[in-house]
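Peer 1: The structure's right below; bear with me while I get my questions together.
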Amino acid sequence: MKPKHRTGKVMPTLEDAIRASSLKNGMTISFHHHLRAGDYVLNDVVRACAALGFSDLTVNASAIMACHTPLLEAIREGVVTGIECNFMHAAVGHAVSQGILEQPVLFRTHGGRPAALENGTSHINVAFIAASAADAEGNCNGKEGSSAFGSIGYAMSDAEHADYVVVVTDNLMPYPLTDVSIPENLVDAVVVCDSIGDPDRIMSGTTRITRDPIGLLIADYTARAIEASGLIENGFSFQTGAGGTSLAAAAYIGERMRKRGVTGSFASGGITGLLVDLLNEGLFTSLADVQCFDREAVVSIRQNPRHVEISASRYASPEAKSAVVDRLDAVILGATEVGTDFSVNVHTDSNGMIMGGSGGHSDTAAGASLAVIAAPLVRARLPLIVDRPQTLSTPGDTIDLLVTQFGMACNPRRPDLHDRLVDAGLPVFSIEELKEKAELLTGRPRLLKNEGRVVARVNDRDGDELDVIRTVSS
Amino acid sequence: MRRSCLFLPGNQPSMLQNGMVLACDVLIFDLEDAVSENEKDAARELVSQALLTLDFGMREIVVRVNDMETPHARLDIIRVTEAGADAVMVPKTVGATTVLKAASILDEAEEKAGLSHGSVSLILLIETAMGIEKALEAASASSRVSALALGGEDLAADLGCRRTKASHELYYARAKLVMAGRACGLDVIDTPFTDARDAEGCYKDACYARSLGFNGKLVISPHHLEPVHRAFRPDESEVAYALEVVEAMRRGKEEGRGAVSLRGKMIDLPVLTQAKRTIELAEASGMLGTKRRAPAKGDGEE
Amino acid sequence: MKILKKAQAGTLESGDVLVTVKPSDTLMIEIESPVARQFGDAMERSARDVLESMGIYEGAVHLADQGALDCTLRARLHTAIHRALQDYDADVAGSL
Chain C
60 MKPKHRTGKV MPTLEDAIRA SSLKNGMTIS FHHHLRAGDY VLNDVVRACA
110 ALGFSDLTVN ASAIMACHTP LLEAIREGVV TGIECNFMHA AVGHAVSQGI
160 LEQPVLFRTH GGRPAALENG TSHINVAFIA ASAADAEGNC NGKEGSSAFG
210 SIGYAMSDAE HADYVVVVTD NLMPYPLTDV SIPENLVDAV VVCDSIGDPD
260 RIMSGTTRIT RDPIGLLIAD YTARAIEASG LIENGFSFQT GAGGTSLAAA
310 AYIGERMRKR GVTGSFASGG ITGLLVDLLN EGLFTSLADV QCFDREAVVS
360 IRQNPRHVEI SASRYASPEA KSAVVDRLDA VILGATEVGT DFSVNVHTDS
410 NGMIMGGSGG HSDTAAGASL AVIAAPLVRA RLPLIVDRPQ TLSTPGDTID
460 LLVTQFGMAC NPRRPDLHDR LVDAGLPVFS IEELKEKAEL LTGRPRLLKN
510 EGRVVARVND RDGDELDVIR TVSS
Chain Y
513 MRRSCLFLPG NQPSMLQNGM VLACDVLIFD LEDAVSENEK DAARELVSQA
563 LLTLDFGMRE IVVRVNDMET PHARLDIIRV TEAGADAVMV PKTVGATTVL
613 KAASILDEAE EKAGLSHGSV SLILLIETAM GIEKALEAAS ASSRVSALAL
663 GGEDLAADLG CRRTKASHEL YYARAKLVMA GRACGLDVID TPFTDARDAE
713 GCYKDACYAR SLGFNGKLVI SPHHLEPVHR AFRPDESEVA YALEVVEAMR
763 RGKEEGRGAV SLRGKMIDLP VLTQAKRTIE LAEASGMLGT KRRAPAKGDG
813 EE
Chain B
596 MKILKKAQAG TLESGDVLVT VKPSDTLMIE IESPVARQFG DAMERSARDV
646 LESMGIYEGA VHLADQGALD CTLRARLHTA IHRALQDYDA DVAGSL
């Protein structure tokens with residue numbers, strides 16, 4: 060089907076759109092990761108660029124997922140020579156850690172990425188926006204169609220700031236689309252393809268409450284600690300990730316709100332079915348959704364006006380006139396390593412290999428009144444707490460509390476919180492005591508230091524360099 | 513305190529580590545049903561190393577050893593006694609014969625480990641029809657016996673009936689076990705609730721067990737710790753009364769009165785014993801502000 | 596004593612270690628582990644410690660580690676060696 064329209068935005072192929080965009084070697088193309096592990100669009104565009112003979116391109120994506128390993132081929136061929144992202148899955152991360160890119164990857168945060176576009180430190184030449192529904196002028200959303208993925212929040216800033224905007228859809232709807240997330244006035248071209256993603260993998264897996272007793276114990280302590288902090292009152296707002304432990308903590312917090320008869324104001328971030336349930340029960344008045352994690356969330360954002368789609372900028376940009384994260388009471392976050400100064404690593408594994416990224420970690424930690432790290436004290440003989448994390452992802456002065464299955468440690472700059480936790484009878488230790496408990500079990504790990512060349516730079520949300528990641532020596 | 517007695521499979525290192533943080537009163541490291549025949553040696557060694565190395569805090573450490581009729585039983589008892597177990601759980605106990613066998617191996621084990629005689633107690637798991645009928649004989653066969661526990665799954669099989677959630681099939685066995693155990697001043701521990709996903713079912717089952725006189729429950733899933741603790745949590749009014757009883761007795765003693773009455777009723781020794789038991793439960797449930805350990809889900813608050 | 600027969604103990608589950616012992620003219624210890632960089636030396640020390648305490652001076656030991664704690668490593672190695680020796684005794688007895 061090739062409908063004819065006055066503006067002629069609809070292009071038959073990605074190649075046509077790329078040609079029309081006047082993309083040149085050395086320029087930056089951008090993507091969003093709402094299709095998660097099911098995304099086809101990034102790979103298809105990079106392949107089209109290769110077919111057209113482009114080289115030296117920089118890929119700026121809100122996240123690089125496990126399905127994006129074809130990027131490695133494009134890197135070897137010189138088509139792509141730079142990556143900027145807020146998160147990078149180990150499938151690509153390990154190759155980066157081994158030095159596949161000459162130019163270091165630039166890591167930002169979910170708030171730092173739109174901020175950099177807003178203040179001009181980052182520029183996108185051509186933005187590719189996957190949409191599960193679009194009309195011929197480029198009005199689009201992620202809520203309708205067989206590839207629906209929900210909120211399109213991360214792509215909104217790309218649409219606003221890129222020189223040229225291409226909407227890629229597998230579901231061309233009659234003009235005008237009524238539920239518009241990104242409006243036509245920002246869109247230059249529309250490409251209709253067979254499929255933007257694998258629907259089974261778009262909403263792939265992590266969004267079930269854990270059954271692991273240790274995860275549940277950590278979740279229980281976390282919920283108790285947040286209650287003890289005194290924040291669970293009317294108007295309470297919070298955010299949690301989609302990991303099993305975070306979800307369990309959210310469920311336990313829901314229980315405590317119910318018992319206290321508290322109505323919260325909003326829950327934000329990546330949204331799961333569990334938060335949708337809390338919304339529908341009336342425990343929260345709204346959801347601020349920058350990304351949907353499961354089908355329940357997608358259905359809800361399509362149907363429920365209280366389930367609000369927000370842009371990455373409104374979510375977390377430090378350049379925005381205000382942002383949702385700054386209204387957060389509590390956030391529950393994960394960590395691969397925590398330093399004795401409460402600084403957190405979520406970028407690299409214990410060997411220093413790239414396997415993640417900040418996402419909204421440091422944005423929410425900076426914004427929330429209470430930032431809690433909830434993580435097991437020991438994973439496969441590796442202690443969580445170290446003198447200094449391999450990579451500094453989130454500064455320690457933005458973290459208030461660390462909760463593990465062996466007890467919790469309060470940041471010394473929060474003596475008020477410490478006293479409340481102790482009064483509630485919770486097992487509170489110093490972070491050094493928790494570290495000792497872990498090392499009693501594991502032994503003291505040998506200190507590793509990677510001294511190779513820099514393969515990635517980690518920027519904080521304000522765009523300042525926090526740390527660098529180096530090649531991993533074996 | 514033996515409200516919750518959690519089984520951990522003896523040959524799974526990660527599960528043994530969980531024992532350090534799970535909020536149960538008793539940990540039962542299982543060398544019997546949870547371990548296949550050709551892994552008995554490995555589990556024995558793993559549990560022993562864990563007992564020697566890991567800090568399980570205030571929890572009572574019990575090891576369910578293999579059936580006294582197998583060659584494993586002796587090796588199990590000797591090794592875990594040396595490694596510091598507080599008690600040995602004897603499976604398939606049938607009368608005094610089983611108890612005396614276990615007790616005599618324990619005599620030997622304690623001597624080898626340099627422990628004083630009687631340091632390690634016995635918990636008898638009773639799970640056959642003959643075992644139930646001989647419960648009193650078993651309970652009174654050795655001073656080492658500290659508790660009786662019911663194994664409902666095997667018992668139902670032995671009775672030739674279906675094990676149901678309503679568990680009417682266990683009524684006689686439960687009543688008989690409580691009677692025999694309490695007659696000898698022992699703890700009595702109820703059979704586990706087997707549906708790991710049904711926490712409310714477990715709560716009801718544990719409430720029922722408590723109403724019959726059991727003072728604890730075997731637990732096969734960490735998800736059942738919370739409902740079991742909830743079931744054994746005394747009412748505020750029970751606790752208030754128990755505290756009054758103890759206080760009245762104390763004053764009575766101080767004033768040298770023989771008979772003490774409270775709210776117009778005489779208080780005798782059984783009432784005092786019951787009151788003390790309630791206070792212990794209240795303490796364990798975090799109701800009296802005495803922090804035995806970090807509160808767990810199901811303790812305190814609510 | 597030397598290892599005269601191949602034997603194994605443990606599993607490849609997370610938190611466990613699969614120990615294989617085999618006959619060899621010298622004492623050899625091979626370690627495969629996701630935490631080899633952090634704990635390889637400690638694992639080798641523990642292995643030598645257990646071997647010495649059991650009087651084993653010849654044999655090849657392979658540790659396929661999945662992040663086992665030290666107590667687990669010691670238990671598995673102990674069991675593997677015990678099995679190697681016991682099986683051998685049983686076989687010798689059986690052949691007589």
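Chains as they are written, first to last, in this note's numbering: chain C, 60 to 533; chain Y, 513 to 814; chain B, 596 to 691.
Backbone N, C-alpha and C fix where the C-beta goes; we use that ideal spot for every residue, glycine too.
Should residue 468(Y) be flagged as near chain B, meaning a C-beta pair shorter than 7 Å?
Peer 2: This structure cannot speak to residue 468(Y), because chain Y is shown only from 513 to 814.
Peer 1: So, using beta-carbon positions, are residue 591(Y) and residue 540(Y) closer together than 7 Å?
Peer 2: Not in contact: residue 591(Y) and residue 540(Y) (Cβ atoms no closer than 7 Å).
Peer 1: What is the DSSP secondary structure of residue 597(B), reduced to helix, strand or coil?
Peer 2: Reduced to three states, the DSSP call for residue 597(B) is strand.
Peer 1: Is the shortest distance between the beta-carbon of residue 8(C) and the beta-carbons of chain Y less than 7 Å?
Peer 2: The shown model of chain C, from 60 to 533, leaves out residue 8(C), and the question about it has no answer.
Peer 1: Would you mind telling me which residues of chain B sit closer than 9 Å to residue 81(C), beta carbon to beta carbon, in chain order?
Peer 2: The contacting residues do not exist; residue 81(C) stays about 48 Å from chain B at best.
Peer 1: Can you give me the Cβ contacts of residue 640(Y) inside the same chain, cut-off strictly under 8 Å, excluding the 5 residues immediately before and after it?
Peer 2: Excluding sequence neighbours, residue 640(Y) sits near 604, 606, 666, 667 and 670.
Peer 1: Less than 7 Å between CB atoms is the rule here; does residue 660(B) satisfy it with respect to chain Y?
Peer 2: Closer than 7 Å: no.
Peer 1: Give a yes or no on whether 7 Å exceeds the smallest Cβ distance from residue 609(B) to chain C.
Peer 2: It does: the Cβ of residue 609(B) has a partner Cβ on chain C nearer than 7 Å.
Peer 1: Please classify residue 22(C): is it buried, with 16 or more other beta-carbons within 10 angstroms of its beta-carbon, or exposed?
Peer 2: Examination of residue 22(C) is not possible in this model, given that chain C is present from 60 through 533 alone.
Peer 1: From the DSSP output, in three-state form, read off residue 442(C) for me.
Peer 2: Reduced to three states, the DSSP call for residue 442(C) is strand.
Peer 1: Is residue 113(C) helix, strand or coil when you go by DSSP?
Peer 2: Correct three-state label for residue 113(C): coil.
Peer 1: Does the Cβ of residue 728(Y) have 16 or more other Cβ atoms within 10 Å, making it buried, or fewer, making it exposed?
Peer 2: Burial call: buried.
Peer 1: Would you verify that the beta carbon of residue 615(B) is, or is not, closer than 7 Å to some beta carbon of chain Y?
Peer 2: Residue 615(B) does not count as touching chain Y.
Peer 1: Out of 550(Y), 596(Y) and 601(Y), which has the shortest C-alpha to C-alpha gap to residue 562(Y)?
Peer 2: Of the listed residues, the one whose Cα sits closest to residue 562(Y) is 596(Y).
Peer 1: Can you tell me which of the three DSSP states residue 233(C) falls into?
Peer 2: Residue state, collapsed to three classes: coil.
Peer 1: Along the region 525-549 of chain Y, what residues have a CB closer than 9 Å to any CB found in chain B?
Peer 2: Residues 525, 526, 527, 528 and 529.
Peer 1: Given this structure, state the Cα-to-Cα distance separating residue 513(Y) from residue 469(C), to the nearest angstrom.
Peer 2: So the alpha carbons of these two residues sit roughly 31 Å apart.
Peer 1: Work out the CA separation of residue 301(C) and residue 265(C) for me, nearest whole Å.
Peer 2: Interpretation of residue 265(C) is limited by its pLDDT of 47, a score under 50 that renders its predicted location unreliable; no figure is taken from the coordinates.
Peer 1: Please tell me whether residue 761(Y) and residue 784(Y) are closer than 7 Å, where the distance is taken between their beta carbons.
Peer 2: Taking 7 Å as the Cβ cut-off, residue 761(Y) and residue 784(Y) qualify as a contacting pair.
Peer 1: Give a yes or no on contact between the region 540-552 of chain Y and the region 655-662 of chain B, applying the rule of three or more CB pairs nearer than 8 Å.
Peer 2: Contact between the region 540-552 of chain Y and the region 655-662 of chain B is absent, because fewer than three Cβ pairs lie under 8 Å.
Peer 1: Provide the residue(s) that pair with residue 534(C) in DSSP beta bridges, ordered along the chain.
Peer 2: Since the displayed chain C opens at 60 and closes at 533, residue 534(C) lies outside it and no answer follows.
Peer 1: Please determine if the region 180-192 of chain C and the region 328-347 of chain C are in contact, where contact requires at least 3 C-beta pairs separated by less than 8 Å.
Peer 2: As far as the Cβ criterion goes, the region 180-192 of chain C does not touch the region 328-347 of chain C, which means the pair count is below three.
Peer 1: Have a look at the DSSP bridge pairing and note the partners of residue 74(C).
Peer 2: DSSP, once it has assigned bridges, lists no residue as partnering residue 74(C).
Peer 1: Could you give the first and the last residue of the continuous beta strand (DSSP E) run that contains residue 99(C)?
Peer 2: Premise fails: residue 99(C) is in no beta strand (DSSP E) and is neither H nor E.
Peer 1: Comparing the C-beta of residue 594(Y) with each C-beta of chain B, is any distance below 7 Å?
Peer 2: No, residue 594(Y) does not count as interfacial toward chain B.
Peer 1: Pick from 628(Y), 693(Y) and 660(Y): whose alpha carbon is nearest that of residue 634(Y)?
Peer 2: Comparing Cα-Cα distances from residue 634(Y) to each of 628(Y), 693(Y) and 660(Y), the minimum goes to 660(Y).
Peer 1: Kindly list the residues whose CB is nearer than 7 Å to the CB of residue 334(C), restricted to its own chain and excluding five residues on each side of it in sequence; keep chain order.
Peer 2: Hits under 7 Å: 309, 326 and 346.
Peer 1: Give the single residue among 757(Y), 558(Y), 787(Y) and 656(Y) whose Cα lies nearest to the Cα of residue 696(Y).
Peer 2: Taking only the C-alpha atoms, the option nearest residue 696(Y) is 656(Y).
Peer 1: Under three-state DSSP, which class holds residue 688(B)?
Peer 2: Because the pLDDT at residue 688(B) is just 44, under 50, the model does not fix this residue reliably, and the value given afterwards should be weighed accordingly. DSSP places residue 688(B) in helix when its eight states are reduced to three.
Peer 1: Does the distance from the C-beta atom of residue 701(Y) to that of residue 517(Y) stay below 7 Å?
Peer 2: Yes, the pair counts as a contact, with Cβ atoms nearer than the cut-off.
Peer 1: Write down every uninterrupted run of the beta strand (DSSP E) in the region 566-621 of chain Y whose length is 3 residues or greater and which is fully enclosed by it, in chain order.
Peer 2: If we require 3 residues or more, the beta strand (DSSP E) runs fully inside the region 566-621 of chain Y come out as 572-576 and 599-602.
Peer 1: Look at the alpha carbon of residue 479(C) and the alpha carbon of residue 490(C), and state the distance between them as a whole number of angstroms.
Peer 2: Looking at the two C-alpha atoms, the distance is approximately 17 Å.
Peer 1: Give the DSSP-derived three-state secondary structure of residue 410(C) in the structure shown.
Peer 2: Of the three classes helix, strand and coil, the one that applies to residue 410(C) here is coil, per DSSP.
Peer 1: For the alpha helix (DSSP H) containing residue 643(B), name the first residue and the last one.
Peer 2: 631-648 is the span of the alpha helix (DSSP H), which, as asked, contains residue 643(B).
Peer 1: Going by DSSP in three states, residue 202(C) sits in which element: helix, strand or coil?
Peer 2: Coil.
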